[in-house]
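Numbering (the working numbering), first residue to last: 153 to 278.
The C-beta atom is built at its ideal place from N, Cα and C for all residues, glycine as well.
Note that the structure is predicted; figures quoted are calculated from it, not measured.
What follows is a single structure, written as structure tokens, with notes after it.
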């Protein structure tokens, strides 16, 4: 079985690096994007099996809008990464029908188990 590709859209370099290391240690093939610029095109090019999307990104659009744009062109599960769990943010997330979300800070076990559940849920919905 080939490595599953995961697109990490996270503007904080240290967090992106930490996620990359966790995913590599679990046999995933991570790809990083640090802003919403060209993220949709990058997703089209690599055809990820899952997208980890930070909600607050550097650039013109936020992660929610970028995730919507990705899902308009491909059927890929999105798991949001967020540092805030206020009602407005959660409602905005829910409106996009994500596979899940993770509150920062998170640990490796939480990240990997959330990814595995999202991938399984997506597989069952195909």
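Do the stretch 184-200 and the stretch 214-228 touch if we need at least three Cβ pairs shorter than 8 angstroms? yes
Can the beta-carbon of residue 216 be found less than 7 angstroms from the beta-carbon of residue 248? yes
Which value, in whole angstroms, describes the spacing of the CA atoms of residue 179 and residue 220? 27 angstroms
If the criterion is Cβ atoms closer than 7 angstroms, does the pair residue 284 and residue 168 meet it? Here the chain covers residues 153 to 278 and nothing more, so residue 284 does not appear.
Assuming residue 185 contacts residue 172 under a Cβ cut-off of 8 angstroms, what Cβ separation, rounded to an integer in Å, is found between them? Actually they are not in contact, since the Cβ atoms of residue 185 and residue 172 sit about 12 angstroms apart, beyond 8 angstroms.
Who pairs with residue 160 in a beta bridge, going by DSSP? 184, 204
I need the DSSP call for residue 169, collapsed to helix, strand or coil. helix
Let's test the definition: count the other Cβ atoms within 10 Å of the Cβ of residue 233 and tell me whether it reaches 16, buried, or not, exposed. buried
Tell me which residue opens and which closes the beta strand (DSSP E) that residue 234 is part of. 230-234
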